[in-house]
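Below is one structure, written out as structure tokens, with a few remarks after it.
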Amino acid sequence: MSEVKSATKQAIVTGVSSGIGAAIAERLLADGWRVLGLSRRKPALDDDRFDWCETDMADFGQIQRHLAGLQTVDAVIHAAGVQFAAPVGELDLGHSAQMWRIHVGAAEALVDTLASRIADGGRIVLIGSRTMSGNPGKSQYAATKSALTGMARSWAAELVTRGITVNVVAPGPTDTPMLADPNRARTPATVPPMGRLIDSGEVAGLVAFLLGADARSITGQVITQCAGLSL
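First residue of the sequence shown: 1050, per the numbering used here; consecutive thereafter.
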């Protein structure tokens, strides 16, 4: 896109077509943000403060082109993701490469392209996973999500003098379309001790908090939101 309308607060959110990304976009719009959403499928969002670009998050050049018209950005939230599951001995290297590009490479493309345009005091939030600490059958997925920690902490150290915070939100099993994806049929979700899956709106609420003034001193952290699954 060539130009994005100005607003008091501008956020970039990836993966807005469904699940956690869609919930984050909806929450930020409700909180008064202008949101530019990037995803492959058009979301069911109808708001004058919402702009959308059809984007293959594995195509870094496409990501950079869509960001060209932005002047200043207050928040970058990378929620796009895909999951493939397989035990060691049956790993698909193509699936691994795809997850690395979407989870890690797209985050790099987003933040590196926007680094000089993120406002002082801005926010970067990467959506990780409780699985990032390791889980049977999900070694490739866990590796790509755990890589976000080192990247986020490095960026946090680099950007701290500008007051820009960088954090990872790591949800446990969340009630999203990804749970029904046949790619993960061999590793069904475990219901947390609270007896329910996490709602995507809860994840969006945590992200909204991290974008707010009360979270301005929280940076370089991984915040696990798992309904007791890590206990």
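Using N, Cα and C, we set each Cβ at its ideal position, and we do this for glycine too.
{"Query": "Completely contained beta strand (DSSP E) runs for the segment 1160-1186, where each covers 3 or more residues", "Result": "1167-1176"}
{"Query": "According to DSSP, residues forming a beta bridge with PHE1099", "Result": "VAL1084"}
{"Query": "Rounded C-alpha distance that separates GLY1110 from GLY1170", "Result": "27 Å"}
{"Query": "Option in LYS1058, LEU1085, ARG1090, TRP1082 with minimal Cα separation from SER1066", "Result": "ARG1090"}
{"Query": "With 16 other Cβ atoms within 10 Å as the buried cut-off, status of THR1057", "Result": "exposed"}
{"Query": "Distance between beta carbons of VAL1084 and PHE1099, contact taken as under 8 Å", "Result": "5 Å"}
{"Query": "Cα-Cα separation, PRO1241 to CYS1275", "Result": "7 Å"}
{"Query": "Per-residue burial, LEU1175 [other beta carbons within 10 Å of its own, 16 or more giving buried]", "Result": "buried"}
{"Query": "Reduced DSSP category for ALA1060 - H, G, I as helix; E, B as strand; rest coil", "Result": "strand"}
{"Query": "For GLY1277 and GLN1113, the rounded distance between their alpha carbons", "Result": "38 Å"}
{"Query": "Burial state of VAL1252 (16 or more Cβ within 10 Å)", "Result": "buried"}
{"Query": "Paired residues, beta bridge with GLN1274 - DSSP", "Result": "PRO1220"}
{"Query": "Start-end ranges of the alpha helix (DSSP H) lying completely within the segment 1112-1145, minimum 4 residues", "Result": "none"}
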